[in-house]
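Data first, discussion second: the structure below is written as structure tokens.
In UniProt numbering, the protein residues as written are 1 to 281.
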């Protein structure tokens, strides 16, 4: 059964985590990546101009503090135009989309993209499930990431996601040791091979950054990281766990989704991604 958490809290958990993950980076990294952020309408607007992955420019958390309107979305798009952002993804809970959303999209050059699912879990449920897990016979071990391991951890996350390293990896590494963040990793002997983190805010733990190097996939790394973070969230006093992953299309298998369902997550809703690009591209 899906945990009783409001869409507002679930969306704000993600919005604040991504905002801190990006804007908390050192100034020289933000400058190199062309990063800027805007708070508007109760949500966050994140821009990374120099992002070949097309992942980090996002709009999150709108529609709860004030309604989504054409004027609000125009303000968002004006910000992206001013930053020369090549592409951005707008991610909203389906319940907050206005009746004239199709008209707004047509006017602002916004199109439907892929879909994600928003997942939530009662922390106590996940902790109980983690204690029931039978650990497979393996050389892998899981644990928190320390400051001296930040660069290696960030490199593995970027490689696991097939994203460029460089400045982007430095942004990721800078989250290690920052208040609210709980980075974890899996080691194969002395080699760090899988990553995950979580951001704790207002009783919710936002799960994020789950990546595994190809040669150790399907060996239980991410299940172990889910369990470790659930226990860490419980120790931090969190009531809820929040996460996102891609929808599972017919005939496909999303391992991330099934790992989360096994530890107690439930799907709160499916969420369409909306892609903005400057007109004329």
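Note that the Cβ used here is the ideal one computed from N, Cα and C, for glycine as well.
query	result
Per DSSP, cross-strand counterpart(s) of residue 39	44
Element boundaries [alpha helix (DSSP H), containing residue 261]	255-263
Nearest-angstrom Cα separation, counted from residue 38 out to residue 56	14 Å
Boundaries of the beta strand (DSSP E) in which residue 273 is found, first to last residue	266-276
Through-space distance from residue 265 to residue 145, alpha-carbon basis	24 Å
Whether residue 77 touches residue 108 by CB criterion (8 Å)	yes
Under 8 Å between C-beta atoms of residue 200 and residue 180	yes
Start-end ranges of the alpha helix (DSSP H) lying completely within the UniProt domain "N-acetyltransferase" (140-281), minimum 4 residues	150-160, 167-173, 221-235 and 255-263
Beta-carbon spacing of residue 275, residue 40 below 8 Å	no
Residue nearest to residue 271 in terms of C-alpha spacing, selected from 61, 92 and 26	92
Classification of residue 1 by the beta-carbon crowding that lies within 10 angstroms, buried from 16 upward	Because residue 1 sits at a pLDDT of 49, beneath the cut-off of 50, its placement in the model cannot be relied upon, and the following sentence gives the value as read from the coordinates. So residue 1 counts as exposed.
Buried or exposed by the 16-neighbour rule on C-beta atoms within 10 Å, applied to residue 28	exposed
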